[in-house]
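For the record, the sequence lines run as chains A and B. With this note's numbering as the guide, the letters of the first sequence map in order to residues 110 to 402. With this note's numbering as the guide, the letters of the second sequence map in order to residues 110 to 402. Worksheet: one structure, shown below.
2 protein chains.
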Amino acid sequence: MPHGQPDAPYPADLLKLVEDYLVALDLGADRRAARLVEAMRYSLLAGGKRIRPVLTLATARSRGADPAAALPAAAALELIHTYSLIHDDLPAIDDDTLRRGRPTCHVTFGEDIAILAGDGLFAEAFNLLLGRQQGKPKVVLRAAAEIAAATGVQGMVGGQYMDVAGEAAADDDLRTLHVLKTGRLIEAAVVCGAVLSGAANAAPYRAFAAEVGLLFQIVDDILDEAGEEGELGKSVGKDRAQNKVTYVSRFGMDGAERLAAEAAERALERLAALPGDTSDLACLTAYIRRRRR
Amino acid sequence: MPHGQPDAPYPADLLKLVEDYLVALDLGADRRAARLVEAMRYSLLAGGKRIRPVLTLATARSRGADPAAALPAAAALELIHTYSLIHDDLPAIDDDTLRRGRPTCHVTFGEDIAILAGDGLFAEAFNLLLGRQQGKPKVVLRAAAEIAAATGVQGMVGGQYMDVAGEAAADDDLRTLHVLKTGRLIEAAVVCGAVLSGAANAAPYRAFAAEVGLLFQIVDDILDEAGEEGELGKSVGKDRAQNKVTYVSRFGMDGAERLAAEAAERALERLAALPGDTSDLACLTAYIRRRRR
């Protein structure tokens, strides 16, 4: 399959690499933990565009590396993303019943198993990354440290907390919430792709990814307000129902659309500063801008 | 403080190293996540004998290494242990209200924050280990991979699942449940101490730790049945109330005491095969055998 065409809809070959890897992934099959693994796979294999791992592979390929070589790290990011969705959806947090077009993990398996399925995916993400990612130990360690930092208090969990606690009173805080909750993991996806393919300086990749992360979140807020539930695969209007501050509630639909366009433009500007064939990354940016789910 | 006396009650200097390190640990203080960090610290700093990190430091010292050099990895193990307690105590899992002598995390902070506090401690454990543990990258990677494997489906989370699901119908399964739920992390504590202090072959350390882990769990079951709630700092009789299979329910109190004595004996036999001054490890084994909480 040709890649590198700026008008290609999505790097389908990279998506297939990720999907095949996830389907074949051994999450520790033991008959006694079979239902736990079933719950983990139920949420992990519910489809989706696998944006984070595909960003990792696309970044590696832009640098001339074999994208398949970064699959363990890339898949780890998807396990972590899935774990965060399972815990976010729990009754005590967002209390959501629909995700990726199916009943959420706790609806299907019960709250106890859903909590443990999230915990298990998080642990298996590091297991995969630390146990199976090839490369110089120093480089693997750098990628793993990047992901750990992106998931902690100054990353994903901190952002989830701010969201839950309604700690986004000012515009500045809204930006911080999203940088932490979704931005840092998207950033880690791109940085890992760069680091694992030998980049000594990750800063220009981080700068590009920061805009992609912002774009992703603004579009997410727009879709929560305006998306079609059937198409989106999750409940819509939840943010408004829960009085959450979003880009739409803060800036209106037109304002949010304008901010999205500006973020996409800045992302492409920063992409132009990166070496190699960045056309996959341009396609991904365009996809994130215009996605319907 | 002298160490190395076989009759010393507990390696107090190592405990102090761990405690001071945990108290000073920066978990990502940001005013907007202040209450999340407060919940994490509430559970982390509730006291306890810090058996896992002290095992790591004692193992490193037995090999002639400076125990303080292994503190990030050791502390990471305590963060992970604390995270597992917070999630275990949740209403959807064990529904416990008392832990280490205080109301459990979700009782004090709410279920949503407790879930995220557990998630945050898990993430910060890897952040600490991957970001701050000194040593050759290859060695740090090996220690981190050991801990990740110990916490996943074939470790702690798998054991928690078996416990929740009542998947311990046969004696063999009861052993597996405990090996996974508590044994693997205790094993990782000893193995990390060995690996970080330069051991090429971790197998003899693993063999010793496996018996310590088994001993720990049998004593835990005895204390759940016979311990004093005030002394134990957690609810007693919960296992029986929840019809859980334990060493006491399966073998009776006398049988469980006998199994504990046998495990302690095997642990000391295996300890004798290790090099260096293993007196701290002997003290820890004796402590685990006779602990009251």
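Note that the Cβ used here is the ideal one computed from N, Cα and C, for glycine as well.
In terms of residue numbering, what span does the alpha helix (DSSP H) encompassing residue i cover?
| i | result |
| --- | --- |
| residue 236(A) | 220-241 |
| residue 165(A) | 160-171 |
| residue 202(B) | Per DSSP, residue 202(B) belongs to no alpha helix (DSSP H) and is neither H nor E. |
| residue 322(A) | 312-335 |
| residue 377(B) | 356-380 |
| residue 247(B) | 246-260 |
| residue 395(B) | 388-399 |
| residue 125(A) | 121-133 |
| residue 297(A) | 293-305 |
| residue 269(B) | 265-274 |
| residue 209(B) | Note, residue 209(B): premise wrong, no alpha helix (DSSP H); not H, not E. |
| residue 148(B) | 143-153 |
So the candidates are the options; which of them puts its Cα closest to the Cα of residue i?
| i | options | result |
| --- | --- | --- |
| residue 180(A) | 251(A), 321(A) and 167(A) | 167(A) |
| residue 233(A) | 263(A), 202(A), 221(A) and 188(A) | 188(A) |
| residue 306(B) | 398(B), 157(B) and 175(B) | 175(B) |
| residue 154(B) | 169(B), 172(B) and 213(B) | 213(B) |
| residue 312(B) | 401(B), 235(B), 297(B) and 208(B) | 297(B) |
| residue 191(A) | 225(A), 172(A) and 219(A) | 225(A) |
| residue 271(A) | 286(B), 222(B), 251(B) and 241(B) | 222(B) |
| residue 284(B) | 141(A), 119(A), 370(A) and 366(A) | 141(A) |
| residue 281(A) | 202(A), 121(A) and 355(A) | 355(A) |
| residue 394(A) | 384(A), 255(A) and 299(A) | 299(A) |
| residue 159(A) | 149(A), 186(A) and 218(A) | 186(A) |
| residue 403(B) | 137(B), 353(B), 286(B) and 126(B) | Residue 403(B) is absent from the structure shown; chain B starts at 110 and stops at 402. |
| residue 143(A) | 334(A), 199(A), 218(A) and 387(A) | 218(A) |
| residue 242(A) | 243(B), 357(B), 128(B) and 251(B) | 251(B) |
| residue 269(B) | 396(A), 401(A), 397(A) and 146(A) | 146(A) |
| residue 317(A) | 353(A), 382(A) and 358(A) | 382(A) |
| residue 139(B) | 286(A), 195(A) and 177(A) | 286(A) |
| residue 148(B) | 177(B), 195(B) and 122(B) | 195(B) |
| residue 315(B) | 177(B), 375(B) and 397(B) | 375(B) |
| residue 397(A) | 310(A), 161(A) and 122(A) | 161(A) |
| residue 178(B) | 245(B), 220(B) and 150(B) | 245(B) |
| residue 275(B) | 240(B), 348(B) and 310(B) | 348(B) |
Buried or exposed for residue i, going by 16 or more other Cβ atoms inside 10 Å?
| i | result |
| --- | --- |
| residue 363(A) | exposed |
| residue 384(B) | exposed |
| residue 227(B) | buried |
| residue 401(B) | exposed |
| residue 267(B) | buried |
| residue 129(A) | exposed |
Flag this pair as yes or no: are the beta carbons of residue i and residue j separated by less than 8 Å?
| i | j | result |
| --- | --- | --- |
| residue 124(B) | residue 184(B) | no |
| residue 301(A) | residue 256(A) | yes |
| residue 230(A) | residue 260(A) | no |
| residue 262(A) | residue 134(B) | no |
| residue 118(A) | residue 163(A) | no |
| residue 368(A) | residue 391(A) | no |
| residue 253(B) | residue 253(A) | yes |
| residue 235(B) | residue 235(A) | yes |
Tell me which same chain residues have a C-beta within less than 8 Å of the C-beta of residue i, skipping the five on either side of it?
| i | result |
| --- | --- |
| residue 248(B) | 304, 305 and 307 |
| residue 204(A) | 198 |
| residue 380(B) | 317, 387, 390, 391 and 394 |
| residue 113(B) | For residue 113(B), the predicted model reports a pLDDT of 39, less than 50, meaning its position is unreliable; a value from the coordinates is still stated below. Same-chain partners within the cutoff: 386, 388 and 389. |
| residue 110(B) | For residue 110(B), the pLDDT reaches just 31, beneath the cut-off of 50, and the residue's location in the model is therefore unreliable, leaving the point undetermined. |
| residue 216(A) | 206 |
| residue 150(B) | 136 |
By Cβ distance below 7 Å, which residues in the same chain neighbour residue i in space, the five residues on each side in sequence not counted?
| i | result |
| --- | --- |
| residue 372(A) | 320, 323, 324 and 327 |
| residue 399(B) | none |
| residue 156(A) | 209 |
| residue 265(A) | 193, 259, 289, 290, 293 and 294 |
| residue 182(A) | 165, 238, 242, 252, 301 and 305 |
| residue 173(A) | 385 |
| residue 357(A) | 330, 331, 334 and 365 |
| residue 211(B) | 155 |
| residue 273(A) | 202 |
Once the 5 residues before and after residue i are set aside, which same chain residues still bring their CB inside 6 Å of it?
| i | result |
| --- | --- |
| residue 132(A) | none |
| residue 152(B) | 191, 195 and 214 |
| residue 353(B) | none |
| residue 116(A) | Below a pLDDT of 50, predicted positions are generally treated as unreliable, and residue 116(A), at 48, falls in that range; no measurement from the model is reported. |
Report the neighbours of residue i on chain E: residues whose CB is nearer than 8 Å to its CB, in chain order.
| i | result |
| --- | --- |
| residue 196(B) | The structure shown contains no chain E; the protein chains it does contain are A and B. |
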